[in-house]
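Asks: First to last, the protein sequences are chains E and U.
Once you know that position 32 of the first sequence is 26 in this note's numbering, the rest is easy, because the numbers rise by one and skip nothing.
Counting the second sequence from 1 gives a position; this note's numbering is that position plus 895.
Using N, Cα and C, we set each Cβ at its ideal position, and we do this for glycine too.
Before I ask anything, here is the structure I am working with.
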Amino acid sequence: MSSADLTSERDLPPERETSAKGDLAPEHDGPRDTGMDDASLHRWLARTWRTPPGIIGALSSVDHKVIARRYLITAFVFLCLGGLNAVAMRIQLSGPQRGLIGPDLYNQLFTMHGVTMMFLFAVPIVQATGIYLVPLMVGTRNIAFPRLNAFSYWVYLSGGAFAWISFLLNMAPDVGWFAYVPLSGPEFGPGKRADVWAQMITYTEVSSLAVAVATIVTVLKQRAPGMSLDKIPLYVWALLVTSFVVLFAMPAVMITSTFLILDRLVGTHIFNPAEGGDALLFQHLFWFFGHPEVYIIFLPATGMVSAIIPVFARRPVFGYLGLVLSLIAVGFLSFGLWVHHMFATGLPKLGASFFTASSMMIAIPNGVQIFCWLASLWDGRPVIRTPLLFVFGFFFIFVIGGLSGVMLASVPLDLQVHDTYFVVAHFHYVLIGGSVFPLLGATYFWFPKITGRMMSERLGRWHFWLAFIGFNAAFFPMHLVGLWGMPRRVYTYPAELGWGNINLLISAGAVLFFLSFVLFAFNLVHGVLRGVPAGDNPWDAGTLEWATSSPPPSYNFTRIPVVTNVEPLWAERGTLPVATGLRVDARELLISTVAEAHPDIREKSATPSIWPLLAAIAVGGTFLYSIFTPWAIVWGAAPIAITLIGWFWPKGDPEDEE
Amino acid sequence: MHALRMGTSWGGLLSGPMAWAISTQLNYALVPWQCNRQVPVVLPAALVLASLSLLGGALSWRAKRQGGAAFKPGRTRSTEQFVADLAMLAALLFALVIIMQGSAALILDECLR
């Protein structure tokens, strides 16, 4: 069957005639893309899907690519800030008894480092890559609920600004990124520092939940015709599973932070054992979120690896079924490991061992993934480019982190090294190896799509080796110093303990690792300004995001592609079959069925609006005010309600038609 | 009855994670109870839940053989088989995790802290 046949066969059925009876307004139909020539189609779509000019226009944008770019840049700024926290700490620890940083500032530094990296960098950046790539990869014109998506960005930005302005005002949280009670409770946490932690969490989790909802609906309902469940790109599968994990994990930490602020502000005693509360409840609630959080960061990274490997191995990924199974299994199992963060709290040993079992068994699906990737490379003809180098770095570092994870899953060993630098080494190997290295590889891989230009390959290789050597020099010795007994979160240590030399080595490695990011930032700027033009598909990749121009137009695809294979661009080397029948004078999407992605209905996509920004300001103001008085919820409800009414009020656009 | 006769492709995807979640929560809650009454319940509960997981996997296996919901308009056999394969493997994996969790009761004393 030729592409032309497919095109005509898969035309959307003409709309049913509507009658004016009942409450339903008659639908005003407009011109469709069927039979329209490319130049006219481009003109129509560009006008319909454009972001309005001017500052108000920019602030009103609902284009998923525009929002994602803002997310990516903001998250990168937070990465730099969190990295500077780390460098400051490493300079302080580079020798015994250094007096550069006092204990109070050090407490704020390690808290801000953890909070920034986990809540303001890692989660937002993996979700942001999804916001950019998922609609392109599934062949649709915008993300689902685009105004909600815009709202999520503004809430995230205000949460991040709130935390960092607090830091500048010397009132940043100083209770660690997990802010255990009673340290963070009203008894031991005077001032507003712990409140800043609690509300910053609420901001970022609201934002994260909004993105998760939009991603899930995009993947389940907006896939291109033919993209049945067995033809979804693995990166999209990863984002789908991650979004479900976000949906079930984030409410737990929002409840934790809300309970904490109730204890601190209203005078409840939810976490106060002296009044019948339960301090351990805080840890259970926090880690029921906290452990899945690790996988929220890690699973999208595995999706990136699964996207990069087939392109550079020059063959479809080996074991698609096994990889999807691994993603789903890890997503579920991530909710059954949380107690392994609490082995030192005196829980019954038999109860704790259930979590040991799950912690060890999650290595099976993760191992399946690693072997599938290795098999893909083994059977392919690998072309070693910078993205693949970072994938190799990921293999090496993540496997070491996984092995120390299996060690820590054992209660006796965990009790010995609890709260030491061994744990710090382990989670940096897992998080940086498991997420940051794939993210860096993904940056080199998808940068041409986002900017239309290539990053420098030579600088990329230098970047990789500097990052790889710097990372291992900084974090591997932490295993040793942890086994020697050095506790985490100490601002200094006495010279007699003999930890000076190894800490100096760690600090030197940290500086090297930091320099690798300076080089990376230079390569990014150089790529944007002077990079070689990339073309649509510089890597000859097989998934749909490469079927459109680089950078993609506001409407993503001139015509909606039809998918016949998991690597559609490899299967249809000539012309990609397309579906037609969508309106061009209104923002219209094709909605498909969940399992088979059969074309189902046409649906409108929201137009640009300033209301999400106004709603985010109202929500952010309410959260900020609520660290001072619980009445903020009452007074804040009015502006929030007004902005939401403005948001949903029909504006008379074609998109508002029923 | 269609679901039993033709199989249910997603059976194992539902039963595996569900049985494992129940096993984790139930057994965690049963440890103090078993300690107080000295009645071994953790291991039998784990075995029952592992069987539940496998039962869903069996439904998926049936769907792979019989076609599952492929008789419905707009559903294809290949997607049904993909989901069934996924579900059978999930049921197996989660049954294994449940048995691993339960087998801890063979080694550790329930009252040990």
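#1: Say whether chain U places a C-beta atom closer than 7 Å to the C-beta of E:Phe365.
#2: Compare the C-beta of U:Met995 against all C-beta atoms of chain E and say whether one is closer than 7 Å.
#3: Taking E:Leu607 as the reference, give the member of E:Ile50, E:Met298, E:Thr28 with the closest Cα.
#4: Could you tell me whether the Cβ atoms of U:Tyr923 and E:Phe514 are closer together than 7 Å?
#5: Alpha carbon to alpha carbon, how far is E:Leu99 from E:Ala80?
#6: So, at 8 Å on beta carbons, what are the nonlocal neighbours of E:Ile639 in its own chain, with the 5 sequence-adjacent residues on each side left out?
#7: Report the option in E:Leu151, E:Ala82, E:Asp413 whose CA atom is closest to the CA atom of E:Phe72.
#8: Which same chain residues, not among the five before or five after E:Thr236, have their C-beta less than 6 Å away from its C-beta?
#9: Compare the C-beta of E:Met355 against all C-beta atoms of chain U and say whether one is closer than 7 Å.
#10: Quick one: any contact between the stretch 309 to 327 of chain E and the stretch 250 to 262 of chain E, if contact means 3 or more CB pairs under 8 Å?
#11: Quick check: U:Ala914 and U:Ser948, are their CB atoms within less than 7 Å of each other?
#12: According to DSSP, is E:Ile554 part of a helix, a strand, or is it coil?
#13: List the residues of chain U whose Cβ lies closer than 9 Å to the Cβ of E:Ser352, in chain order.
#14: Could you check whether the Cβ of U:Arg900 sits closer than 7 Å to any Cβ belonging to chain E?
#15: Answer with yes or no whether the minimum CB distance from E:Ser276 to chain U is below 7 Å.
#16: Touching or not, the stretch 265 to 278 of chain E and the stretch 175 to 184 of chain E, by the rule of three or more beta carbon pairs under 8 Å?
#17: Here's a check: name, in chain order, each residue in its chain whose Cβ is nearer than 7 Å to the Cβ of U:Ser904, leaving out the five neighbours to either side.
#18: Which two residues bound the contiguous alpha helix (DSSP H) that contains U:Arg900?
#19: With a threshold of 7 Å between beta-carbons, can U:Asn931 be considered close to chain E, or not?
#20: 7 Å is my cut-off, CB to CB: does U:Ala953 come that close to chain E?
#21: Name the chain E residues whose beta carbon is nearer than 8 Å to that of U:Arg970?
#22: Assign E:Ala635 to buried or exposed, taking buried as 16 or more other Cβ atoms, counted over all protein chains shown, within 10 Å of its Cβ.
#23: Can you tell which of E:Trp641, E:Gly387, E:Gly646, E:Leu78 has its C-alpha closest to the C-alpha of E:Phe139?
#24: Do we get a CB-CB distance below 7 Å when we pair U:Leu938 with the residues of chain E?
#25: Just checking: is the beta-carbon of U:Pro912 within a distance shorter than 7 Å of some beta-carbon in chain B?
#26: Quick one: measure Cβ to Cβ for E:His334 and E:Ala403, integer angstroms, because I've assumed they're closer than 8 Å.
#27: List, in order along the chain, the chain E residues whose C-beta lies closer than 9 Å to that of U:Leu947?
#28: Since U:Leu938 and U:Ile917 are thought to touch, with beta carbons under 8 Å apart, how far apart are those beta carbons, to the nearest angstrom?
#29: Report the partner residues of E:Lys598 according to the DSSP bridge assignment.
#30: For E:Ala612, which of E:Leu506, E:Thr637, E:Phe469 has the nearest alpha-carbon?
#31: Leaving out the 5 sequence neighbours to the left and right, which residues in its chain are closer than 7 Å to E:Gly124 when beta-carbon positions are compared?
#32: Using three-state DSSP, classify E:Val120 as helix, strand or coil.
#33: Excluding the 5 residues preceding and the 5 following E:Val377 in the sequence, name in chain order all residues of the same chain whose CB lies nearer than 6 Å to its CB.
#34: Taking 7 Å as the cut-off, decide whether the C-beta atoms of E:Met448 and E:Ala323 are in contact.
#35: Can you list the beta strand (DSSP E) stretches of 3 or more residues lying completely in the stretch 343 to 396 of chain E, in chain order?
#36: For E:Gly536, go through chain U and note every residue whose CB falls closer than 7 Å to its CB, in chain order.
Replies: Let me spell this out:
#1: What you label residue 365 of chain E is simply residue 371 of the first sequence in a count that begins at 1. So no, E:Phe365 is outside the interface.
#2: By one-based count along the second sequence, residue 995 of chain U stands at place 100. Output row for U:Met995: interface = yes.
#3: For the purposes of this step, residue 607 of chain E is taken as the residue at position 613 of the first sequence. The option with the nearest alpha carbon to E:Leu607 is E:Ile50.
#4: Translated into the one-based positions of the second sequence, residue 923 of chain U becomes position 28. Translated into the one-based positions of the first sequence, residue 514 of chain E becomes position 520. For U:Tyr923 and E:Phe514, no; Cβs fall outside 7 Å.
#5: What you label residue 99 of chain E is simply residue 105 of the first sequence in a count that begins at 1. What you label residue 80 of chain E is simply residue 86 of the first sequence in a count that begins at 1. If I take the Cα positions, the gap works out to 13 Å.
#6: Against the first sequence, residue 639 of chain E aligns to sequence position 645. Cβ within range, chain order: n/a, list empty.
#7: For the purposes of this step, residue 72 of chain E is identified with residue 78 of the first sequence, where counting begins at 1. Looking at the Cα atoms, E:Leu151 is the closest of the given residues.
#8: Position 242 of the first sequence, counted from the start, is the residue given in the question as residue 236 of chain E. Ile290, Leu293, Pro294.
#9: On the first sequence, position 361 is the one that residue 355 of chain E refers to. At least one chain U Cβ lies under 7 Å of E:Met355.
#10: no
#11: Looking up residue 914 of chain U in the second sequence gives position 19. Looking up residue 948 of chain U in the second sequence gives position 53. It is a contact, given that the beta carbons lie within the stated cut-off.
#12: Indexing the first sequence from 1 puts residue 554 of chain E at position 560. It is a strand residue.
#13: Position 358 of the first sequence, counted from the start, is the residue given in the question as residue 352 of chain E. Result: Trp915, Thr919, Val992, Met995, Gln996.
#14: As a working mapping, residue 900 of chain U is identified with position 5 in the second sequence. U:Arg900 has a beta carbon lying at 7 Å or more from every beta carbon in chain E.
#15: Residue numbering aside, residue 276 of chain E sits at position 282 when the first sequence is read from its first letter. The sequence given here has Phe at residue 276 of chain E, not Ser. Chain U contact via Cβ: absent.
#16: Enough Cβ pairs lie closer than 8 Å, so yes.
#17: Numbered from its first residue, the second sequence carries residue 904 of chain U at position 9. Exclusion of the five residues before and after U:Ser904 leaves Ser955, Ala958, Gly963, Ala964, Glu975, Val978, Ala979, Ala982 as the residues of its chain whose Cβ lies within less than 7 Å of its Cβ.
#18: Counting from 1 along the second sequence, the entry for residue 900 of chain U is found at position 5. Looking at the DSSP string, the run of the alpha helix (DSSP H) that includes U:Arg900 is 897 to 900.
#19: Here residue 931 of chain U refers to the residue found at position 36 of the second sequence. No, its Cβ sits nowhere closer than 7 Å to a Cβ of chain E.
#20: Residue mapping note: residue 953 of chain U aligns to position 58 of the second sequence, counting from 1. Taking CB atoms only, U:Ala953 has no neighbour in chain E less than 7 Å away.
#21: As a first step, residue 970 of chain U must be located in the second sequence, where it is residue number 75. Residues of chain E passing the Cβ test: Ala589, Glu590.
#22: The residue labelled residue 635 of chain E in the question sits at position 641 within the first sequence. Its Cβ having fewer than 16 others within 10 Å, E:Ala635 is exposed.
#23: For this step, residue 139 of chain E is matched to residue 145 along the first sequence. The shortest Cα separation from E:Phe139 among E:Trp641, E:Gly387, E:Gly646, E:Leu78 belongs to E:Trp641.
#24: In the second sequence, the residue the question calls residue 938 of chain U occupies position 43. Not an interface residue.
#25: You won't find chain B in this structure, because its protein chains are E and U.
#26: For the purposes of this step, residue 334 of chain E is identified with residue 340 of the first sequence, where counting begins at 1. For the purposes of this step, residue 403 of chain E is identified with residue 409 of the first sequence, where counting begins at 1. Yes, they are in contact, since the Cβ atoms of E:His334 and E:Ala403 sit about 6 Å apart, within 8 Å.
#27: For the purposes of this step, residue 947 of chain U is taken as residue 52 along the second sequence, with counting starting at 1. Within chain E, no residue comes near U:Leu947; the closest Cβ sits about 15 Å away, beyond 9 Å.
#28: Numbered from 1 along the second sequence, position 43 holds the residue referred to as residue 938 of chain U. Numbered from 1 along the second sequence, position 22 holds the residue referred to as residue 917 of chain U. So it is not a contact: roughly 15 Å between Cβ atoms.
#29: In the first sequence, the residue the question calls residue 598 of chain E occupies position 604. DSSP lists E:Glu582 as partners of E:Lys598.
#30: Along the first sequence, one-based indexing puts residue 612 of chain E at 618. Checked all of E:Leu506, E:Thr637, E:Phe469; the closest Cα to E:Ala612 is E:Thr637.
#31: As a first step, residue 124 of chain E must be located in the first sequence, where it is residue number 130. The residues are Thr209, Leu233, Pro294.
#32: In the first sequence, residue 120 of chain E corresponds to position 126, counting from 1. Residue state for E:Val120 is assigned as helix, using DSSP reduced to three classes.
#33: Position 383 of the first sequence holds residue 377 of chain E. Result list for E:Val377: Phe306, in chain order.
#34: Numbered from its first residue, the first sequence carries residue 448 of chain E at position 454. Numbered from its first residue, the first sequence carries residue 323 of chain E at position 329. Going by C-beta atoms, E:Met448 is not nearer than 7 Å to E:Ala323.
#35: none
#36: The count along the first sequence starts at 1 and reaches residue 536 of chain E at position 542. None at all; the shortest Cβ gap to chain U is about 19 Å.
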